[in-house]
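Below is one structure, written out as structure tokens, with a few remarks after it.
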Amino acid sequence: MPRIRQADVEEVKARTNIADIVGERVALRSAGVGSLKGLCPFHDEKSPSFHVRPQVGYYHCFGCGESGDVYTFLREMDHVTFTEAVERLAGRIGYTLHYEDGGPAPETSGRSRLFAANSAAAEFFRAQLVSAEAEPARRFLGERGFDAGAAAHFGVGYAPKGWDAMLKALTAQGFTRDELTTAGLVSTNQRGGVYDRFRGRLVWPIRDVTGQTIGFGARKLYDDDQGPKYLNTPETPIYKKAQVLYGLDLAKRDISRGDPKRVVVVEGYTDVMACHLAGVTTAIATCGTAFGSEHVTVLRRVMGDDSASGEVVFTFDGDEAGQKAAIRAFAEDGRFNAQTYVAVAPDGLDPCDLRLQRGDGAVRGLLDHRVPMFEFVIDRRIGGFDLRSVEGRIGALRSAAPIVAAIRDRMVRAGYERVLARKLGMEPRDVHGAVEQAARRASSDGAPSRSDGRSDSRPEPRPMPGSEPAVQAPLERVTLASLPRSTDVALERDALTGILLYGHRIDPDLLARAVSIPFRTQALEAVRASVATAADRTRPGWAMSAIEAVREPYRQLAGELLARDFPARDDEHAIASVKDICRRLILRALDSEKSELLGAVQRAAPTSEEGRTLRMRLRDLDNERRALIDVE
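Take the sequence shown: its letter number 193 is residue 189 in the numbering used here, and every next letter is one higher.
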């Protein structure tokens, strides 16, 4: 397969802002001059340790050690090849790639083809919605208050009743049957033939957080359809139902900009449509599965690490199934930073029916009647007991105590103990005792935890990209946290960070002299040696090449030096600081040499040639020192 020319690889990377790519998956906020941070997409965390440096096109997580450039990010997140990552970004910015030996662009494969197939299918379904056969689909939408504009906004389409309409359309576009099967668009019969998976159904495209179509949800329209009411894309290399949230591509911008940040979790596609059209533009829904831990992880990345004041509001039907869904969602409450609530319409209407019967204002007003998740679940737990009897109250207490015991914040827990005591008409001390007993039982049944209920474990550091497998026992990686504390370490640490970030913007001679001076800290010296031998330090992306060349066990340290905060008000101040640090390094080296020369002068004969040479060097050192100090 022809390789992409290296010049094109570098050009695409230079033209791509890594913050835009990462920002589609992670809510980023400022972390100082030229630095952004957010919750790491590679491991589960509640405090941000994931840093992005747009000016050098680099990211690094101080928690798990993952780091790299924009190509590495796409490869790790989307499991694409290097070539696919380059081609995807080139297509995004409209850049024409060239291949070695003058070869043509290779046929893309794998995940890229699956994305393309789903996109083509979405276009096909949308076009079918205006056909005569699709009248039942248009009627279904109209009866629920959705016009053609709403259908277009959400990309709603129609799958024809025939067995192979979509199959023929997509194979005519060059997609193979194997590709369509892998994408979940066609099914295989017992004879090995393939046919359209979605037939005679209203179809919603399901997109990932970046807006790429990865699958579909389809609602049956005809009585003779023997299939389920709703049919979704099966698990594929790009569609994982435990991670997919319908509408997130449309909602993510308003979620991240909200004050407070709020996510509204509804139960179906039409509920998402109704909410968005009513002005609740942060509504999303799961796709054919219950709300779970991986959905929480996705939402937390979009909401960001500062979401403690944010809200996640679940809207459930008032029926038994809706109540069970609330209990399942409650099981994930502890994984959120945000406060969780439940909103149920007084008459149990879902958002779609509520909008249809009472208008947009009623949908917006539904959120005004939200109640905390804990209170909702407690009420459901005690609702099945006869609170007029002693036995009923004790049974209700035993049922609700584990719910209160699961509250991490002790002050909030104490408040709910009082709420539960009031609801049951019992003494607060009796309720407190039952809650404490439930907490002890939960602790003994599970792994040790902290007093606030959160795990005290930290992620294991992962190998840096490009590291070689060790033949012998691996050396323990050196990190910033493991460095000793001293003025020398601080100077050398800040020098490396500043040079990696702004070295291309200071005088080349000053930079060359500073990086040629050996460091006193062994670990930092290993990084300096790589920086000193890096080629073309005048180009913005040189730092990536420098840290990739750092030998183990110091490569993670190099990544942390590039990602860490550099104290400065703005770029101009940062550049001035780097120049000053470089001069301080040189002055330190001059002072060290002067100290050695003074000792040598004392040992040399005053009239000897050696003595005269040493004194001349001392004068030169003093002149160099004054020249550096006089520089503004």
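By construction, the Cβ of each residue, glycine as well, lies at the ideal position given by its N, Cα and C atoms.
Cβ-based burial, residue i [other Cβ within 10 Å; buried from 16]
i	result
residue 512	exposed
residue 568	exposed
residue 156	buried
residue 547	exposed
residue 16	exposed
residue 594	exposed
residue 386	exposed
residue 185	exposed
residue 378	buried
residue 33	buried
residue 229	buried
residue 43	exposed
residue 114	buried
residue 448	Bear in mind that the predicted position of residue 448 carries a pLDDT of just 39, short of 50, making it too unreliable to give a figure here.
residue 529	exposed
residue 483	exposed
residue 225	exposed
residue 612	exposed
residue 272	buried
residue 407	exposed
residue -1	exposed
residue 434	buried
residue 626	exposed
Simplified DSSP state of residue i, which is helix, strand or coil
i	result
residue 192	strand
residue 209	strand
residue 629	For the chain, the structure presents residues -3 to 628; residue 629 sits outside this window and is missing.
residue 69	helix
residue 36	coil
residue 46	strand
residue 637	No answer is possible for residue 637: it lies beyond the span of the chain, which begins at -3 and ends at 628.
residue 126	coil
residue 347	helix
residue 215	strand
residue 22	coil
residue 611	helix
residue 460	Confidence at residue 460 is low in this model, with a pLDDT of 39, below 50, so its placement is unreliable and no value can be given for it.
residue 57	strand
residue 252	helix
residue 93	coil
residue 685	Past the boundaries of the shown model lies residue 685; the chain is included only from -3 to 628, so the question cannot be answered.
residue 573	helix
residue 498	helix
residue 562	coil
residue 526	helix
residue 79	helix
residue 356	helix
residue 265	helix
residue 555	helix
residue 383	coil
Residues that DSSP places opposite residue i in a beta bridge
i	result
residue 258	307
residue 483	BP columns for residue 483 are empty, so no partner.
residue 184	190
residue 335	307
residue 84	Answer is none; residue 84 lacks a bridge partner.
residue 153	199
residue 114	In DSSP, residue 114 forms no bridge with anything.
residue 367	338
residue 13	For residue 13, which the question treats as bridged, DSSP gives no partner whatsoever.
residue 228	213
residue 63	56
residue 242	281
Q. Hey, which unbroken runs of the alpha helix (DSSP H) at 4 residues or more fall wholly within the segment 268 to 306?
A. Qualifying alpha helix (DSSP H) stretches, in chain order: 289 to 299.
Q. Are there three or more Cβ pairs, one per stretch, closer than 8 Å when the segment 290 to 298 is compared with the segment 235 to 243?
A. yes
Q. Is there contact here, the segment 85 to 99 with the segment 119 to 128, by at least three beta-carbon pairs under 8 Å?
A. no
Q.
Does the structure place the segment 495 to 515 close enough to the segment 528 to 539 that three or more beta carbon pairs sit under 8 Å?
A. yes
Q: Indicate whether the contact test is met: 3 or more Cβ pairs, each with one atom in the segment 512 to 525 and one in the segment -2 to 12, closer than 8 Å.
A: no
Q: Could you tell me whether the segment 412 to 426 touches the segment 364 to 381, where touching means 3 or more Cβ pairs closer than 8 Å?
A: yes
Q. Quick check: the segment 192 to 199 against the segment 209 to 217, are there 3 or more CB pairs under 8 Å?
A. Under the 8 Å Cβ criterion, the segment 192 to 199 counts as touching the segment 209 to 217, having at least three qualifying pairs.
Q | Validate contact between the segment 343 to 356 and the segment 251 to 271 using beta carbons, cut 8 Å, 3 pairs | A | yes
(Q) Count Cβ pairs between the segment 571 to 583 and the segment 35 to 51 that sit closer than 8 Å; are there 3 or more? (A) no
Q | Completely contained beta strand (DSSP E) runs for the segment 389 to 442, where each covers 3 or more residues | A | none
Q) Just checking, does the segment 335 to 342 make contact with the segment 401 to 413 on the three C-beta pairs under 8 Å criterion? A) no
Q: Answer yes if the segment 419 to 432 comes into contact with the segment 391 to 398, meaning at least three C-beta pairs across the two stretches below 8 Å, and no otherwise.
A: yes
(Q) Taking 8 Å as the cut-off, does the segment 169 to 184 touch the segment 141 to 148 (at least 3 CB pairs, one atom from each stretch)? (A) no
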